[in-house]
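The working numbering puts the first residue of the sequence shown at 11, with every later residue one more than the last. C-beta: ideal position from N, C-alpha, C; glycine also. Heads up, the thing below is written out as structure tokens.
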Amino acid sequence: MASPELTAALESVADSSAAVKTRTYNDLLNQLTNAPPASAVEHAANLMVYIDAVLSSSLGIINIRPILASIIKSLSSVPAEVKVKVGKHIADALQSQLASYEEQDAAVREILAQGYEAEEEYTAAAKALQGIHLDSTQRQVSDRSKVETWVKIVRYYLEDDDTVSAETALNKIKNSAAAAQVLKDSPDLRLLYQLSQARIMDSRRDFLNASAEYLNVSFNTMTDEDDRRRALSAAIKTAILAPAGPHRSRTLAKLYKDERSTETEEYGILENMFLDRLLSPADVEAFASTLAPHQLAKTADGSTVLSKAVTEHNLLATSRLYENITTAALAKILGLKDSKDETAAEKAEDYAARMVEQGRLRGEIDQIAGVIVFETVPGVELRGPTRHLREWDYNVQGLVEDVERCAAALSESFPELVMEQMVH
Numbered sequence: 011m012a013s014p015e016l017t018a019a020l021e022s023v024a025d026s027s028a029a030v031k032t033r034t035y036n037d038l039l040n041q042l043t044n045a046p047p048a049s050a051v052e053h054a055a056n057l058m059v060y061i062d063a064v065l066s067s068s069l070g071i072i073n074i075r076p077i078l079a080s081i082i083k084s085l086s087s088v089p090a091e092v093k094v095k096v097g098k099h100i101a102d103a104l105q106s107q108l109a110s111y112e113e114q115d116a117a118v119r120e121i122l123a124q125g126y127e128a129e130e131e132y133t134a135a136a137k138a139l140q141g142i143h144l145d146s147t148q149r150q151v152s153d154r155s156k157v158e159t160w161v162k163i164v165r166y167y168l169e170d171d172d173t174v175s176a177e178t179a180l181n182k183i184k185n186s187a188a189a190a191q192v193l194k195d196s197p198d199l200r201l202l203y204q205l206s207q208a209r210i211m212d213s214r215r216d217f218l219n220a221s222a223e224y225l226n227v228s229f230n231t232m233t234d235e236d237d238r239r240r241a242l243s244a245a246i247k248t249a250i251l252a253p254a255g256p257h258r259s260r261t262l263a264k265l266y267k268d269e270r271s272t273e274t275e276e277y278g279i280l281e282n283m284f285l286d287r288l289l290s291p292a293d294v295e296a297f298a299s300t301l302a303p304h305q306l307a308k309t310a311d312g313s314t315v316l317s318k319a320v321t322e323h324n325l326l327a328t329s330r331l332y333e334n335i336t337t338a339a340l341a342k343i344l345g346l347k348d349s350k351d352e353t354a355a356e357k358a359e360d361y362a363a364r365m366v367e368q369g370r371l372r373g374e375i376d377q378i379a380g381v382i383v384f385e386t387v388p389g390v391e392l393r394g395p396t397r398h399l400r401e402w403d404y405n406v407q408g409l410v411e412d413v414e415r416c417a418a419a420l421s422e423s424f425p426e427l428v429m430e431q432m433v434h
């Protein structure tokens, strides 16, 4: 409840001239801001009564605007609780006459968002900013200010994991040519945009594109070393969770060859995946403990994104070890179990069939015999007449290349020894 002294002072000037009212309102505002009551509740109540008196007075818009601007400016230094209560009160009060007070409405909504942010009410903060008329004809708003506001809205929604609303706000930036130019000219905003886009892609399980965005952020010198390392870790995690196939293999190769990757916790599983090694349950469990909740959510078939990614990876790794394998043996390697609807062998066949159909695995499935034949040499027909001869050539070529690499390494590390052993 507002103080009786303030209420009496406001009532005493209700019928005064415009000059007296303006002077009295300014004096009262100075008192409210310079000597606020100890209680935040009382402080908010005093300000709300004061605001109602100013807005309902007979002063014209020209006189009310500067007073209102002073009130809003004073809110920047008050506690979050007061920011929220008074800011919301002003925003609600201005709705009926918004055309006359758009500048003040925008300013108070920014203050209101700050208050909600301090109280960790991020969705409310986003909605407060969404109420700002950025495309108004009543005031000039720079393209940079628009992008800054949209980026804030996106990041607020992401704090509450509302990726649908965040993406809607992000699309305002994507669909604006002016915003694209602002991002090009403003590295700081471009960094926030890229990070927001990566998080949205991550939440939508568009893992390969998310990995690319996280990797871009990890190279940005505007961020500190710890944040860059976290972005690199996120790039590795999302690449690992992506569907197995050529595109993911290229992404894993890029990350594996990045010298910074050895400093991340995910390097062990990254190396195993890049080298097409089978992943053990212990490796998978350790990796799962580092994932976010949405990355562990179940898919439509009841499996998790991680289990699906690991199964597909292990299937690809198996195709590097075997020329052919029965679906039952494959199911055992993949750790699949019988269910009410399908046997483990049928599940293994389904995984292989889907990957072959999508071009992520090269091979053929004999459903009657329950056997999968893998392509072991790129470009060689599985049942061609020269298959075994081409495989022999391919393996010999690989062996010769390995010997050549060993010889080159010896020459580099032990040049004198190599010179002694050379035949002249």
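Selection from the options that minimises the alpha carbon distance to residue i
i, options, result
"Thr261", "Arg240, Arg238 and Leu285", "Leu285"
"Asn219", "Leu193, Ala190, Pro76 and Pro253", "Pro253"
"Val161", "Lys264, Arg149 and Ala136", "Ala136"
"Asp102", "Pro89, Glu91 and Ala116", "Ala116"
"Ala302", "Ala341, Arg215 and Val96", "Arg215"
"Val157", "Ala176, Tyr203, Tyr126 and Val118", "Tyr203"
"Arg240", "Thr309, Tyr277, Ser80 and Asn185", "Tyr277"
"Thr321", "Leu289, Gln305, Thr309 and Ala307", "Leu289"
"Glu235", "Ala249, Glu333 and Glu273", "Glu273"
"Lys95", "Ser110, Ser80 and Gln124", "Gln124"
"Glu131", "Leu139, Gln140, Ser146 and Tyr166", "Tyr166"
"Gln140", "Ser152, Ser423, Glu269 and Lys182", "Lys182"
"Ala109", "Ser146, Asn324, Glu269 and Pro46", "Ser146"
"Tyr35", "Ala128, Pro46, Pro47 and Leu57", "Leu57"
Beta bridge counterpart(s) of residue i as assigned by DSSP
i, result
"Thr375", "For the sequence presented, residue 375 should be read as Ile rather than Thr. Paired residue(s): Ile382."
"Ile81", "According to DSSP, which records beta bridges pairwise, Ile81 is partnered with nothing at all."
"Lys308", "Thr314"
"Ile335", "Ile382"
Nearest-angstrom Cα separation, counted from residue j out to residue i
i, j, result
"Ser206", "Leu168", "8 Å"
"Val227", "Leu242", "8 Å"
"Gly312", "Ile142", "42 Å"
"Ser271", "Ala263", "11 Å"
"Leu65", "Gln107", "10 Å"
"Asn282", "Val294", "11 Å"
"Leu38", "Val92", "18 Å"
"Lys194", "Glu177", "20 Å"
"Met429", "Val406", "27 Å"
"Ala189", "Thr159", "11 Å"
"Arg75", "Ala187", "34 Å"
"Ser196", "Gly373", "49 Å"
"Met432", "Gly408", "24 Å"
"Asp348", "Ser317", "16 Å"
"Ala54", "Asn230", "43 Å"
"Thr353", "Asp376", "17 Å"
"Gly97", "Ala24", "24 Å"
"Leu42", "Glu52", "11 Å"
"Asp170", "Ala208", "16 Å"
"Lys184", "Ser152", "17 Å"
Spatial neighbours of residue i in its chain, beta-carbon cut-off 8 Å, leaving aside the 5 residues before and after
i, result
"Asp198", "Met232"
"Leu427", "Leu420"
"Pro291", "Gly345"
Residue j beta carbon less than 7 Å from that of residue i
i, j, result
"Pro14", "Ala50", "no"
"Ile335", "Ile279", "no"
"Leu180", "Val164", "yes"
"Arg154", "Glu112", "no"
"Ala355", "Ala338", "yes"
"Phe7", "Leu251", "Lying before the first or after the last residue shown, residue 7 is absent from the chain, which here runs from 11 to 434."
"Arg370", "Gly255", "yes"
"Leu85", "Ile121", "yes"
"Ala363", "Ala341", "no"
"Thr173", "Ile210", "yes"
"Ile8", "Val118", "Here the chain comprises residues numbered 11 to 434, so residue 8 is not present and cannot be evaluated."
"Ile71", "Ile100", "no"
"Lys308", "Thr300", "no"
"Glu333", "Thr386", "yes"
"Leu325", "Tyr361", "yes"
Chain-order list of residues whose beta-carbon lies under 6 Å from that of residue i (same chain, five-residue window excluded)
i, result
"Arg328", "The amino acid occupying residue 328 in the given sequence is Thr; Arg does not appear at that position. The answer, listed in chain order, is Ile343."
"Leu20", "Ala63"
"His304", "Ser213"
Same chain, Cβ closer than 7 Å to residue i, neighbours up to 5 away in sequence not counted
i, result
"Ala28", "Leu69 and Asn73"
"Ala245", "Ser221, Tyr224, Leu225, Ser228 and Leu265"
"Thr17", "Val59"
"His257", "Leu218"
"Ala134", "Tyr126"
"Arg287", "Ala327"
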